[in-house]
Each structure stands twice: as C-alpha cells, then as structure tokens.
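Residue numbers (our numbering): 624 to 829.
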C-alpha cells in the first residue's frame, strides 16, 4: 500500500445535482475515492445537547466569499477569532475504500444563511441579505493513516469514525463543485464571523 501523502492530492471525485424541496436547498451527492488508500470523508457532526450522543448528517458549514460565491457543505470551518479550545471538535467521518462511492443527501433550510458549527444562529436583524453570484458544494476528507491524525469507529455511531489530531491538525482535502445561481439570496452575518475556507491550492478538483 502506498504511504499517505502529507497533503491530499485530489483523490475524491464529487458529483451532485442540487435543487429545492420543502423549504430546503437539497444536495444529493456522491463522492468516489479514486486514490490508492482509504479516505475519511467528513459526513456528520455530533448533535449538541444532553443524553445519548447522536450523529447529525444535515449540519452544514456555509461561508460567503468576498467574490459573492457561497461555499456550503461538510468541511472543517475556521475557528472564530479569539476562541480558545482545548480540543477542537471535528466532524464525524465515513471510511471510503479505493474505488468505492458514498451517496448522501444534504438538506439546508431556507432562508439560506451563513452558519458554522462553532457559532449559534443570530437574530434575523443581525443578517444582511445579498444576492449570490454562485454556489460551491464542498466535502472535506483525510487519507486514512495520515501521520497527523488518528481515527476509530464511534461507539455511539458505528457507521462513522471519530477523528482526532495528534498534534497540529493537518490540512484536509476538499472536493468541490461550483453551480450557477439565479435569484438566490444569502443572509450574510453582521458579527465577527470567520470566513476562512480550508481550500487546498494543489487539490485536483474532479
């Protein structure tokens, strides 16, 4: 088996035909592992609250870039400025072996708004409506066996893997697809919302 690279190199192919249904943006998508080793595909987040932990597959990160294009999907959001965490919460991942395809559907409630797993929603008056110039679906991943992370099945969600960084969190690959938009608005947050996106400049987007 080939040794995992220090930086992902475009192994994950992404296909999607987005639409609208029942007051949601709907992204039925497939990701295919075209690489030589299994990959950990970001797939869900742990639901907040008390009681037994549950995986929520519809938690999405949404960021509005400076060019008016929104990036939505399952990827690692930037930490808010000034936030200090002892252990950074990471998404639950699904293991996809070479040649395998993972099919999912992501539903994002309308009105479409910027959001992050690290910040709560705001009052409606704290948003600014803007018309989008495009929309990118993004799905993050790491190669299994990367020297900077460890992964193991989640006891409370056997279909998913818990991921943790050994030291500094290594870069993740991000498969992306861009779609044109017509008369689709986004609610831009007026607070100190972090708009960093973990894009890999050397990532080969399929």
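For every residue, glycine included, the Cβ atom is placed at its ideal position computed from N, Cα and C. Nothing here was measured: the structure is a model prediction, and the numbers come from that model.
Query	Result
Same chain, Cβ closer than 7 Å to residue 638, five either side skipped, listed in chain order	652 and 653
Cut-off 6 Å between Cβ atoms - residues of its own chain near residue 724, not counting five sequence neighbours on either side	653 and 655
Same chain, Cβ closer than 8 Å to residue 679, neighbours up to 5 away in sequence not counted	667, 668, 669 and 670
Residue of 772, 696, 644 and 645 minimising C-alpha distance to residue 729	696
Residue 774 beta carbon less than 8 Å from that of residue 831	One cannot answer for residue 831 here, as it falls past the ends of the chain, which runs 624 to 829.
For residue 747, the three-state DSSP class (helix, strand or coil)	helix
Within the region 673 to 714, ranges of the beta strand (DSSP E) (whole runs, at least 3 residues)	684 to 687 and 692 to 697
Per DSSP, the bridge partner or partners of residue 787	773
At least three beta-carbon pairs within less than 8 Å, the region 731 to 745 to the region 795 to 814	yes
Buried versus exposed call for residue 703 [16 or more other C-beta atoms within 10 Å across all chains shown]	exposed
Residue 814 classed as buried or exposed, judged by whether at least 16 other C-beta atoms fall within 10 angstroms	exposed
Residue environment, residue 717, which counts as buried when at least 16 other CB atoms sit within 10 Å	buried
Alpha-carbon to alpha-carbon, residue 722 and residue 659	9 Å
Residue 719 to residue 662 span [Cα, whole Å]	5 Å
Per-residue DSSP class, three states only, for residue 636	strand
Through-space distance from residue 795 to residue 819, alpha-carbon basis	14 Å
Residue burial classification, residue 797 (beta-carbon count within 10 angstroms, cutoff 16)	buried
Per-residue burial, residue 707 [other beta carbons within 10 Å of its own, 16 or more giving buried]	exposed
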